[in-house]
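Undergrad: Handing you this structure, nothing more for now.
Spelled out as structure tokens, the structure:
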């Protein structure tokens, strides 16, 4: 992972977070089934050919194309010969800290005549080249978003009360967070808040918090910058053993198993 290459993109109030990026050439051993991750993938295909399959169909990765895989989508990938590409793992946060691509259920592929120029600038790694790569990725994020069918979706799709509750949860995410604490901050009764929240989202506040905690844990585990102990503490768990048990109940893997799977397999 190139820690300093895209520092510029990681600023701007964490609107755009890049957890990993690399230029790589892959062989026939690049294959896996039922892959999913807490970040979206931008694959810039330089040469060779690969294949992505999911419930919605099959996508052939060809030279001079951009392939987008949204976060949370379960898919499989393979390569018969070789595949040369640049990849970015990104999260794009809205004002309430929900990812803008969270509702996308399709892999998108677009022709990209600038892939070869992108490769040249990516390898240079000087200031102007980094600015170019940063700007191109941001413009491609906007372009892809236009193809997702989500462009008309509001960043605040709920009523004002539920919107405030969601924002409070996302900014104070912790396993210790309770509906009593949230209702007190929003000056509303617990029953009124729970009823409104369930009607708007289809789930209870407790379930929403649990799901958000596991999703945030997956994001942090996909990055090597924090230990499992540190991740456990940051999410309010009393110890990493309780965190590990809760995580496995939700995902089927321990935090260590999930981290190893992500870091060793998913490119």
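Residue numbers (my numbering): 1 to 267.
A virtual CB, placed ideally from N, CA and C, is assigned to each residue, including glycine.
Measuring straight from C-alpha to C-alpha, what distance separates residue 40 and residue 184?
TA: One-based indexing of the chain shown puts residue 40 at position 40. One-based indexing of the chain shown puts residue 184 at position 184. Rounded to whole angstroms, residue 40 to residue 184 spans 35 Å at the Cα level.
Undergrad: Considering residue 50, what are the terminal residues of the beta strand (DSSP E) in which it resides?
TA: Mapped onto the chain shown, residue 50 falls at position 50. First-last of the beta strand (DSSP E) with residue 50: 50–54.
Undergrad: Mind checking which residues open and close the beta strand (DSSP E) that includes residue 109?
TA: Position 109 of the chain shown, counted from the first residue, corresponds to residue 109. First-last of the beta strand (DSSP E) with residue 109: 108–111.
Undergrad: With residue 208 as the anchor, note down where its alpha helix (DSSP H) starts and where it stops.
TA: Stepping through the chain shown from its first residue, residue 208 is reached at position 208. Element bounds for residue 208: 205–221.
Undergrad: Check for me: the beta strand (DSSP E) holding residue 61 runs from which residue to which?
TA: Position 61 of the chain shown, counted from the start, is the residue given in the question as residue 61. From DSSP, the beta strand (DSSP E) with residue 61 extends over 57–61.
Undergrad: With which residues is residue 91 paired in a DSSP beta bridge?
TA: Stepping through the chain shown from its first residue, residue 91 is reached at position 91. DSSP output for residue 91 lists 17 as bridge partner(s).
Undergrad: Assign residue 37 to one of two classes, buried (16 or more other C-beta atoms within 10 Å of its C-beta) or exposed (fewer than that).
TA: As a position in the chain shown, residue 37 is number 37, starting the count at 1. Per the 10 Å Cβ criterion, buried.
Undergrad: Within the chosen definition, does the region 140–147 reach the region 99–110 through at least 3 CB pairs nearer than 8 Å?
TA: Taking 8 Å as the limit for Cβ pairs, the verdict is that the region 99–110 does touch the region 140–147.
Undergrad: What number of angstroms, rounded off, separates the C-alpha of residue 107 from the C-alpha of residue 234?
TA: The sequence position of residue 107 within the chain shown is 107, counting from 1. The sequence position of residue 234 within the chain shown is 234, counting from 1. Distance between the alpha carbons of residue 107 and residue 234: 32 Å.
Undergrad: Taking the alpha carbon of residue 47 as the point to measure from, which residue in 190, 116 and 131 has its own alpha carbon closest?
TA: To locate residue 47, count along the chain shown from 1; it is residue 47. The option with the nearest alpha carbon to residue 47 is 116.
Undergrad: If you follow the beta strand (DSSP E) that residue 163 is in, where does it begin and where does it stop?
TA: As a position in the chain shown, residue 163 is number 163, starting the count at 1. Per DSSP, residue 163 belongs to no beta strand (DSSP E); it is in the alpha helix (DSSP H), 160–171.
Undergrad: Within its chain, find whatever has a CB closer than 6 Å to the CB of residue 82; leave out the 5 residues flanking it on each side and keep chain order.
TA: Looking up residue 82 in the chain shown gives position 82. Closer than 6 Å at the Cβ level, and outside the excluded window around residue 82, lie 27 and 48.
Undergrad: Does the distance from the C-beta atom of residue 20 to that of residue 210 stay below 9 Å?
TA: On the chain shown, residue 20 is found 20 positions in, with the first residue counted as 1. On the chain shown, residue 210 is found 210 positions in, with the first residue counted as 1. Not a contact, by the Cβ cut-off of 9 Å.
Undergrad: Could you work out which residue in 55, 65, 133 and 213 is closest to residue 249 when comparing CA atoms only?
TA: Reading the chain shown from its first residue, position 249 is the one you call residue 249. Of 55, 65, 133 and 213, the residue nearest in Cα terms is 213.
Undergrad: Just checking, does the region 159–174 make contact with the region 118–133 on the three C-beta pairs under 8 Å criterion?
TA: Result no; under three Cβ-Cβ pairs closer than 8 Å.
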